[in-house]
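Here's the structure, in structure tokens; my notes come after.
This is the structure:
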């Protein structure tokens, strides 16, 4: 029988396309964030994703089975974290360029490596610790503290990366017993419930153009996730994971095309250092045969 993950070329193409779609989603979010508050944007985003997650999760099995979690409280904490992280990320792209936000956010795999050693007690060798230190030097290159160009807003992007890395570690823990559909359903439904409580307080009636952007925002989230699922049907996560970093390339291009934001030399250098360090940690994990993390957690609603 042919393995379903026997077409890595197609899988890589799918993951690169998914990252392009997610860059488009971030571009639309930045456009909306110039006029509308994050809670309003995220309310629409989570409501649509909640419906999408319920349909997708119950496609091949009864919903009552998907809802059963080994440790529901951990799923709830994890879902709360992703709501806070996405809120911080939206605030970051509102005040920073897409390129700078994604360059700083790309440090999250390095944070995950450090947390895996401290929280999960995974063995992290000297080479991966060195890669983490080099990666964070890339973050300092982007921030350039003490050179008169440091922006306090950059800490918002870093806080988003920190929260996403904690979310990532928690997902590693719950994935030992719960399916990816269960994790996705908890994230989507809890996120929709929280934003339904907060979103109306910030509601401003959207213009016809804004409604179109909100529809596009929801559509890109669904299409991106479907592409990701298809990619995982064609190739194993270990092959696809490095191509998540193409999101930074797409975001930089979209930022230039749509907002005429071209990153400076130091942001490009720092981003390259962060990405190279992240890729090296992935390579070392594959060399050690570390159990793969459920790939759906790299992206968000």
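Numbering (this note's numbering), first residue to last: 291 to 591.
Ideal Cβ positions, reconstructed from N, Cα and C, are used throughout, including at glycine.
{"Query": "Have a look at residue 300 and residue 306 and give me their C-alpha separation to the nearest angstrom.", "Result": "10 Å"}
{"Query": "Residue 518 to residue 297, Cα distance in whole Å?", "Result": "14 Å"}
{"Query": "Using a Cβ-Cβ cut-off of 6 Å (strictly less than) and excluding sequence neighbours within five positions of residue 477, which residues of its own chain qualify?", "Result": "369 and 372"}
{"Query": "Count the other C-beta atoms from every protein chain shown that fall within 10 angstroms of the C-beta of residue 567, then say buried if there are 16 or more, exposed otherwise.", "Result": "buried"}
{"Query": "Would you mind giving the Cβ-Cβ distance between residue 473 and residue 464, rounded to the nearest angstrom? I have them listed as a contact below 8 Å.", "Result": "6 Å"}
{"Query": "As a quick exercise: from 344, 443 and 509, pick the residue whose alpha carbon is nearest that of residue 335.", "Result": "509"}
{"Query": "So, do the stretch 496-512 and the stretch 332-347 have three or more beta carbon pairs nearer to each other than 8 Å?", "Result": "yes"}
{"Query": "At the level of alpha carbons, what is the spacing between residue 390 and residue 553?", "Result": "7 Å"}
{"Query": "For a test of the three-state rule: what should DSSP assign to residue 396, helix, strand or coil?", "Result": "coil"}
{"Query": "Counting along the chain, where does the alpha helix (DSSP H) carrying residue 433 start and finish?", "Result": "416-433"}
{"Query": "Quick one: which unbroken alpha helix (DSSP H) runs of 4-plus residues sit fully inside the stretch 441-503? Chain order, please.", "Result": "444-464 and 470-488"}
{"Query": "When DSSP labels each residue in this structure, what does residue 346 get in the three-state scheme?", "Result": "helix"}
{"Query": "If you run the structure through DSSP and keep just helix, strand and coil, what is residue 274?", "Result": "In the structure displayed, the chain extends from 291 to 591; residue 274 sits before or after that span and is not available."}
{"Query": "Closest to residue 558 by CA distance: which of 571, 431, 547 and 411 is it?", "Result": "431"}
{"Query": "Please list, in chain order, all residues of the same chain as residue 493 whose beta carbon is under 7 Å from its beta carbon, the five residues on each side excluded.", "Result": "330"}
{"Query": "Helix or strand or just coil, what does DSSP make of residue 554?", "Result": "coil"}
{"Query": "Figure out for me which residue from 324, 392 and 362 has the closest Cα to the Cα of residue 309.", "Result": "392"}
{"Query": "So residue 425 and residue 448 are supposed to be a Cβ contact under 8 Å. How far apart are they, rounded?", "Result": "Contact flag wrong, Cβ pair sits at about 13 Å."}
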